[in-house]
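Visitor:
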Amino acid sequence: MWIHEIILGFLGICAGFTVAGGFIALITLLGVIPRLSGETKTAKKTLLYENFLILGFILGNITSLYSIRIPFGTFFLILFALFSGIFVGCMAVALAEIINTFPIFFRRISLRKGAPFIVISLAIGKGLGALIQLYLGGQ
14 MWIHEIILGF LGICAGFTVA GGFIALITLL GVIPRLSGET KTAKKTLLYE
64 NFLILGFILG NITSLYSIRI PFGTFFLILF ALFSGIFVGC MAVALAEIIN
114 TFPIFFRRIS LRKGAPFIVI SLAIGKGLGA LIQLYLGGQ
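So the mapping is simple: the numbering used here equals the position in the sequence shown, first residue as 1, plus 13.
And the structure:
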């Protein structure tokens, strides 16, 4: 029966690489990494950022597929959650910026001032909602 496990593991890794590849293609199409490296004045390290992004997807697939425990304690878990939240937030804002969601919405409601406060409020609301869901168990 071990051949069955090997085949399932191979198919799982292939499926994970396919999904990760599609997500990396989306990030590349949106231009998130070059834009973030340009905003942070670290454009020379764009290739390094992309390599770490791919490495993160590969390690994420492997740890998810094989349920590997990473015993680094609570501090590492908090740090991981923080960086994961920053990544998801950057992706959401980049996607919204690419499809011009905010400018169209602000134009429709005739908003002239206060746009940054609305975006910050959305981010804070998303963060608080995630914390409430975490501590109440999704109730």
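We put the CB at the ideal spot given by N, CA and C, even for glycine.
Note down, in chain order, each residue of its chain lying with its Cβ closer than 6 Å to the Cβ of Glu63, except the 5 sequence neighbours on either side.
Guide: Ile46.
Visitor: Classify Asn74: buried if its beta carbon has 16 or more other beta carbons within 10 angstroms, exposed otherwise.
Guide: Its Cβ being crowded by 16 or more others within 10 Å, Asn74 is buried.
Visitor: Do you know how far the Cα of Arg48 is from the Cα of Ala9?
Guide: The requested residue 9 is not part of the displayed model; the chain covers only 14 to 152.
Visitor: Quick one, which of Gly140, Thr87 and Ile71 has its alpha-carbon nearest Ala28's?
Guide: Among Gly140, Thr87 and Ile71, the Cα nearest to that of Ala28 belongs to Ile71.
Visitor: Would Leu78 and Ile37 qualify as a contact pair, given that the criterion is a beta-carbon distance under 9 Å?
Guide: No.
Visitor: Since Ile145 is in the alpha helix (DSSP H), which residue starts that stretch and which ends it?
Guide: Ile145 -> alpha helix (DSSP H) spans Ala128 to Leu149.
Visitor: Quick check on DSSP: helix, strand or coil for Phe85?
Guide: Of the three classes helix, strand and coil, the one that applies to Phe85 here is coil, per DSSP.
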